[in-house]
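A.B. asks: In the numbering used here, the protein residues as written are 22 to 293.
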Ligand SMILES: NC(=O)c1ccc[n+]([C@@H]2O[C@H](COP(=O)([O-])OP(=O)(O)OC[C@H]3O[C@@H](n4cnc5c(N)ncnc54)[C@H](O)[C@@H]3O)[C@@H](O)[C@H]2O)c1
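(1) Once you ignore the five residues that flank residue 278 on each side, which residues in its own chain have a CB closer than 7 Å to its CB?
(2) If distances are taken between C-alpha atoms only, which option among 190, 252, 246 and 125 comes closest to residue 219?
(3) Just to check, is the beta-carbon of residue 210 closer than 8 Å to a non-hydrogen atom of ligand 1?
(4) So with Cβ pairs under 9 Å, would you call residue 126 a contact of chain C?
(5) Helix, strand or coil, according to DSSP, for residue 245 in the structure here?
(6) Counting only the same chain and skipping the five closest in sequence on each side, list residues whose C-beta sits under 8 Å from that of residue 184.
(7) Below 8 Å on the Cβ atoms is my guess for residue 167 versus residue 232; work out the distance and round it to an integer in Å.
(8) Using 8 Å as the threshold, is the stretch 125 to 142 in touch with the stretch 153 to 166, meaning 3 or more CB pairs across them?
(9) Please identify the residue among 250, 77, 243 and 254 whose C-alpha is closest to the C-alpha of residue 262.
(10) Closer than 8 Å: is that where the CB of residue 277 sits relative to any heavy atom of ligand 1?
(11) So within the stretch 211 to 236, which uninterrupted alpha helix (DSSP H) runs reach at least 4 residues, ignoring any that extend past its ends?
(12) Is residue 125 near residue 98, with beta carbons less than 9 Å apart?
(13) Go through its chain and collect everything with a Cβ distance to residue 150's Cβ below 6 Å, but skip five positions before and after it.
(14) Is it the case that the Cβ atoms of residue 235 and residue 174 are separated by a distance below 9 Å?
(15) Is it buried or exposed, residue 34, if we count other Cβ atoms within 10 angstroms and call 16 or more buried?
(16) Cα separation between residue 148 and residue 273?
(17) Which whole-angstrom value describes the C-beta separation of residue 118 and residue 217, a residue pair presumed to lie in contact below a C-beta threshold of 8 Å?
(18) Span of the alpha helix (DSSP H) holding residue 69?
(19) Using the Cβ count rule (16 or more neighbours within 10 Å means buried), how would you classify residue 258?
(20) Are residue 255 and residue 153 close, meaning C-beta to C-beta below 9 Å?
(21) Taking the Cβ atom as the reference point for each residue, do residue 82 and residue 110 lie within a distance shorter than 9 Å?
(22) For residue 170, I'd like the list of residues in its chain whose CB is within less than 6 Å of its CB, leaving aside the five on either flank, ordered along the chain.
(23) Bridge partners for residue 254 per DSSP, in chain order?
(24) Thinking C-alpha only, which one of 177, 70, 76 and 44 is nearest residue 58?
(25) Determine whether the beta carbon atoms of residue 85 and residue 52 lie at a separation below 9 Å.
(26) Look up residue 286 in the DSSP assignment and say whether it is helix, strand or coil.
(27) Considering only residues of the stretch 73 to 102, which uninterrupted beta strand (DSSP E) runs meet the minimum length of 3 residues and lie entirely inside it, listed in chain order?
(28) Which residues mark the beginning and the end of the beta strand (DSSP E) in which residue 162 is found?
(29) Residue 27: beta carbon under 8 Å from a heavy atom of ligand 1?
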């Protein structure tokens, strides 16, 4: 399988380490790393791993990947995914929050259906989507997710800055957002992708409820998911270790990308 990486940050580096160690088998080859510009750190990463570096869609496609793992940004999803899918190249999307835009999501779904290419948004930093999908077949009334992270994880976000809260001085949990996933996901472009995948796997952005908290007592990024429906009630608590160099990104999300690729290249499924 010829794999390309879109993005050269925390997830991309972990991904490359595992592939180089052969953890996904010797039939997986990284054929390109796509970065934002010729001067980006992607160039250094590509050199370290001896992989071609690209900065535009055409040169990425010219490396003939079977699948591109997007670990970059909402903007990268908007720029790259449709042309890749239209060319029959699969995409595994980590920045799922971009898909809160119905028009974009429909265009990607359409391109995937037309070309037959894989369009895969993995679970990222949460659990329970298998049960949610099963429950939805019967009927689900309510899905709620509470995303709680230490205050540092909420820095440098325009919406949070507008709230004018001193994140360094919080002494108790502070609610940053409470409402629909539709309203909340775009406010946190790099932090609540999990609420997007939960919405898409379940009852949609308008019916999924999202609560976002900064909690100074937390060491782990913690997510509570509650589902109520005809098959019963499900409550899930996920405590994620943040990546050391990036408190916004959970290790579990990094490994979710690797697991997605493993799944994509195998006809055998255990669990959903
Ligand atoms: N689904 C989940 O559970 C989950 C969890 C963690 C992170 N994420 C998302 O995955 C993405 C990657 O996470 P990360 O921790 O590796 O981030 P990071 O900030 O460490 O790295 C992102 C990299 O992508 C590059 N990039 C951004 N926009 C680009 C573009 N338009 N074209 C090319 N390169 C671009 C950046 O320059 C950087 O190298 C982020 O969008 C993040 O929000 C999703």
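Backbone N, C-alpha and C define an ideal beta-carbon position, used for all residues, glycine too.
All values derive from a computational prediction rather than experimental measurement.
C.D. replies: By the coordinates alone:
(1) Counting only Cβ-Cβ distances below 7 Å, and skipping sequence neighbours, we find 32, 36, 90, 92, 113, 115 and 143.
(2) With distances taken between CA atoms, residue 219 lies nearest to 246 out of 190, 252, 246 and 125.
(3) Yes, since a heavy atom of ligand 1 falls inside the 8 Å radius drawn around the Cβ of residue 210.
(4) Structure shown: chain C not included; a single protein chain is present.
(5) Residue 245 falls in the strand class under three-state DSSP.
(6) Excluding residues within five positions, the ones whose Cβ falls inside 8 Å are 197.
(7) Contact flag correct, Cβ pair sits at about 4 Å.
(8) Too few Cβ pairs lie closer than 8 Å, so no.
(9) Answer by Cα proximity: 243.
(10) At least one heavy atom of ligand 1 sits closer than 8 Å to the Cβ of residue 277.
(11) When DSSP assignments are scanned along the stretch 211 to 236, the uninterrupted stretches of alpha helix (DSSP H) that are 4 or more residues long and fall wholly within it turn out to be 214 to 222.
(12) Yes, they are a contact pair.
(13) Apart from sequence neighbours up to five positions away, the residues of its chain that approach residue 150 with a beta-carbon distance below 6 Å are 144 and 222, ordered along the chain.
(14) Yes, the pair counts as a contact, with Cβ atoms nearer than the cut-off.
(15) Looking at its Cβ environment, which holds 16 or more other Cβ atoms inside 10 Å, residue 34 is buried.
(16) Those two C-alpha atoms are separated by around 10 Å.
(17) With 8 Å as the limit, residue 118 and residue 217 qualify as a contact, their Cβ atoms being about 4 Å apart.
(18) Residue 69 -> alpha helix (DSSP H) spans 62 to 69.
(19) So residue 258 ends up on the exposed side.
(20) Yes; because the gap between Cβ atoms is below 9 Å, this pair is in contact.
(21) Between residue 82 and residue 110, the gap from beta carbon to beta carbon is short of 9 Å.
(22) Closer than 6 Å at Cβ, skipping near neighbours: 242.
(23) DSSP, once it has assigned bridges, lists 249 as partnering residue 254.
(24) It is 76.
(25) At a Cβ-Cβ threshold of 9 Å, residue 85 and residue 52 count as neighbours.
(26) Coil at residue 286, not helix or strand.
(27) Counting only runs of 3 or more, we get 88 to 91.
(28) Following the DSSP letters along the chain, one finds residue 162 inside the beta strand (DSSP E) bounded by residues 161 to 170.
(29) Flag set: Cβ of residue 27 near ligand 1.
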